[in-house]
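Counting from 21, one number per residue, gives the positions in the sequence shown under this note's numbering.
Note sheet for the following structure.
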Amino acid sequence: MSVRRWISALAGLAALTAAVEAMAAPKEPPKLVVVISVDQFSGNLYAQYRSRFSKGLRTLSDQGLVYANGWQSHANTETCPGHSTILTGKHPNKTGIPANDWLDPVTGKMVYCLSAPANTIAGGAGGNPVGPDNMRATTLGDWMKSGGARGRVFGISGKDRGAITMAGHQADGVFWYREGFGFTTYVKPGEDGEAKLEPVRGINAQLKARFAANPPSWTYEQDTCRALERDYQVGSLVFRARVPPAKFVFDTSPLLDDVTVDGALYLLAEQKLGQGPGVDILTVSLSATDRIGHSFGTQGPETCEQMYRLDVNIGRLLDAVTKVPGGAIVVLTADHGGSDFPERSAERGYPQAKRADPGVLDRLNASLKAQFKLTEDPAAFDGWGLFIVGKDKVRLPQPLRGKVAAAAVAFLKKEPDVADAFTTEELLKTPPPRPGTPPEEYSLRERAALSAVEGRSTDVSLILQPGIAPLRAPSPGGAMSTHGSTWDYDRRVPILFWWPGSEGQERFFSIETTDIAPTLAHLIGVTPPTDIDGRCLDLGGFAVAACPKPAVGVAPVEAKKSGFRWPWEK
Numbered sequence: 021m022s023v024r025r026w027i028s029a030l031a032g033l034a035a036l037t038a039a040v041e042a043m044a045a046p047k048e049p050p051k052l053v054v055v056i057s058v059d060q061f062s063g064n065l066y067a068q069y070r071s072r073f074s075k076g077l078r079t080l081s082d083q084g085l086v087y088a089n090g091w092q093s094h095a096n097t098e099t100c101p102g103h104s105t106i107l108t109g110k111h112p113n114k115t116g117i118p119a120n121d122w123l124d125p126v127t128g129k130m131v132y133c134l135s136a137p138a139n140t141i142a143g144g145a146g147g148n149p150v151g152p153d154n155m156r157a158t159t160l161g162d163w164m165k166s167g168g169a170r171g172r173v174f175g176i177s178g179k180d181r182g183a184i185t186m187a188g189h190q191a192d193g194v195f196w197y198r199e200g201f202g203f204t205t206y207v208k209p210g211e212d213g214e215a216k217l218e219p220v221r222g223i224n225a226q227l228k229a230r231f232a233a234n235p236p237s238w239t240y241e242q243d244t245c246r247a248l249e250r251d252y253q254v255g256s257l258v259f260r261a262r263v264p265p266a267k268f269v270f271d272t273s274p275l276l277d278d279v280t281v282d283g284a285l286y287l288l289a290e291q292k293l294g295q296g297p298g299v300d301i302l303t304v305s306l307s308a309t310d311r312i313g314h315s316f317g318t319q320g321p322e323t324c325e326q327m328y329r330l331d332v333n334i335g336r337l338l339d340a341v342t343k344v345p346g347g348a349i350v351v352l353t354a355d356h357g358g359s360d361f362p363e364r365s366a367e368r369g370y371p372q373a374k375r376a377d378p379g380v381l382d383r384l385n386a387s388l389k390a391q392f393k394l395t396e397d398p399a400a401f402d403g404w405g406l407f408i409v410g411k412d413k414v415r416l417p418q419p420l421r422g423k424v425a426a427a428a429v430a431f432l433k434k435e436p437d438v439a440d441a442f443t444t445e446e447l448l449k450t451p452p453p454r455p456g457t458p459p460e461e462y463s464l465r466e467r468a469a470l471s472a473v474e475g476r477s478t479d480v481s482l483i484l485q486p487g488i489a490p491l492r493a494p495s496p497g498g499a500m501s502t503h504g505s506t507w508d509y510d511r512r513v514p515i516l517f518w519w520p521g522s523e524g525q526e527r528f529f530s531i532e533t534t535d536i537a538p539t540l541a542h543l544i545g546v547t548p549p550t551d552i553d554g555r556c557l558d559l560g561g562f563a564v565a566a567c568p569k570p571a572v573g574v575a576p577v578e579a580k581k582s583g584f585r586w587p588w589e590k
């Protein structure tokens, strides 16, 4: 070999070595944080389709840090409380969001989790006024802004509760989709609604023109999904599982996610997220999986088609994120899981699956009325619990309410459909789980306590046996299946971290959605509140110090206040 060729070879080797070292060197913290929540994306559903993904979810699964055992640890696994945990680092008992709705103890009226009567909806898009007012916790974006950082925060979703709960109180823009209008937002008193809509005005015009030229539709794209089409007997209804469904509705189709990702990509480009002086945060809540799961179940052609479309939409987001010059990190999780409708589950090897006996409530009310000499039915069922009420659904006064609730618990525990029941008074006195306990090992009472909020939670927390849905057989267009239970199919969710250049790693130990916010806060140099429930996770790959080590053997603040001590502290 000539000297010249030898020198050239050495130079090439040096360049290759430098390139490899550059790839292996820890990255600077990212300038963009993207947090994706896929509504009703259970750990089971992720596992079922994981090998079939070929786009964005394949990238996250192969190249990201995969926590397949992620958990929404609380009992009431609904959309609003689940989303409230993701970027606050707190369980619902601290975020103040125990459910999607609750009964006002004074008026007897139902209160939506994000109800904000003083606000309006921008552009006259319709819907009741909403805002973050009922959230008692702050989010990662709020921590960043309160600390004086110059970053921006945007949230976008198909649902208002998917956007607002993750974006927080101080977001620069929070948007959700209304069919026929486009993306809208809430307007506080004194704010200019037209100005608040400015960030999405362009995408709204694009979507309006698109659907005027090509009306929305949903057809099969996968023969694998088409093969799942068949009839099911659900009560008196013969349900045909197919695509498109018998009645096409935009909000219960993959198109809801299509437009949400369109909106996210528009914000990413137009706002130049990740290209400013600070760290920017973009939250994206994809609602179609939940809407489709409720309407058609999780094991038919409808959800099958949605999983493939979800994969494509996540891929579109990752393609754009990869091009952000300041670097980015993406986190994907879910607000809760979900199960199939019980009739199909029973056919598929789980005969215990069924709809709850609707006569339980009648028997309970008859017993309570006789025992306490009441003239009104005192037990009003709401999702996964009971409010104890009198005339006009106004809650009974104490101490009568507590006595009736305790009697209701005693009655319900004897019912075969019921696994357990607790009064809210019991739950508010329950110590938090022992530090280090995996969330799948939390007791039923501990799970229920993580959902308990004084003045908002039901007076009785009801836990039905696994596989039993608190739904009557649906009429056409009604809900086929649901979520909200404390069982693992509703609590377990994937938690995936990915950034351009990350290397795939399976992490099988359990983590909680409350761990996401403190992990991201540490990565971008933001200080979270001291009373969060989550812990910082070491991701690796970034030029940041290791997470602070938690104190060993120290019980949580709430346990200390109650006088409770762990065995090793006595």
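Note that beta-carbon positions come from the ideal geometry of N, C-alpha and C, so glycine has one too.
All of these numbers come straight from a predicted model, not from anything done at the bench.
Cβ pair residue i, residue j closer than 9 Å
i    : j    : result
C133 : N113 : no
G545 : G109 : no
V55  : L540 : yes
G358 : D282 : no
P219 : E290 : yes
L302 : G182 : no
T323 : L65  : yes
W518 : L217 : no
P118 : A566 : no
G561 : E523 : yes
Those residues which DSSP pairs with residue i across a bridge
i    : result
R198 : G202
E532 : W91
W518 : V350
Y252 : F259
E526 : V86
V55  : T303 and V351
S177 : W196 and S305
D382 : Beta-bridge pairing links D382 to no other residue.
F401 : L406
F562 : K47
Secondary structure of residue i, DSSP reduced to three states
i    : result
A366 : helix
Q391 : helix
A42  : With a pLDDT of only 45 at A42, under the threshold of 50, the placement of this residue in the model should not be trusted, and no figure is reported.
L134 : coil
T303 : strand
G487 : coil
R454 : coil
Q60  : coil
E396 : coil
D479 : coil
T443 : strand
P459 : helix
R311 : helix
D277 : helix
W507 : coil
F73  : coil
R421 : helix
T318 : coil
V409 : strand
L123 : strand
Selection from the options that minimises the alpha carbon distance to residue i
i    : options                   : result
Q475 : D82, T99 and D121         : It should be noted that the sequence gives Gly, not Gln, for residue 475. The option with the nearest alpha carbon to G475 is D121.
P125 : L464, A284 and F407       : F407
G143 : F195, A386, H189 and G379 : F195
S135 : R415, Q485 and G151       : G151
T99  : P137, R72, T140 and G178  : G178
G102 : A138, F61 and T79         : F61
G202 : D271, G410 and T244       : D271
D508 : P548, T478, P459 and D551 : P459
is_contact[residue i, chain B] using C-beta, thresh 9 Å
i    : result
A232 : This model lacks chain B altogether; it includes just one protein chain.
Contact test: residue i Cβ vs the ligand PLP heavy atom, cutoff 8 Å
i    : result
V351 : Absence of the ligand PLP is noted for the structure shown, with no ligands found whatsoever.
So, do the segment 452 to 469 and the segment 89 to 109 have three or more beta carbon pairs nearer to each other than 8 Å?
yes
Taking 8 Å as the cut-off, does the segment 235 to 252 touch the segment 166 to 186 (at least 3 CB pairs, one atom from each stretch)?
no
Taking three-plus beta-carbon pairs below 8 Å as touching, is the segment 207 to 227 in contact with the segment 323 to 342?
no
Can you confirm whether the segment 67 to 84 touches the segment 361 to 374 when touching is taken to mean that 3 or more C-beta pairs between the two stretches lie within less than 8 Å?
no
Flag this pair as touching only if the segment 378 to 396 and the segment 523 to 535 have three or more C-beta atom pairs under 8 Å; answer yes or no.
no
Validate contact between the segment 511 to 519 and the segment 341 to 353 using beta carbons, cut 8 Å, 3 pairs
yes
Whether or not the segment 375 to 390 and the segment 447 to 458 are in contact is what I'm after, with contact meaning three or more pairs of Cβ atoms, one per stretch, closer than 8 Å; do they touch?
no
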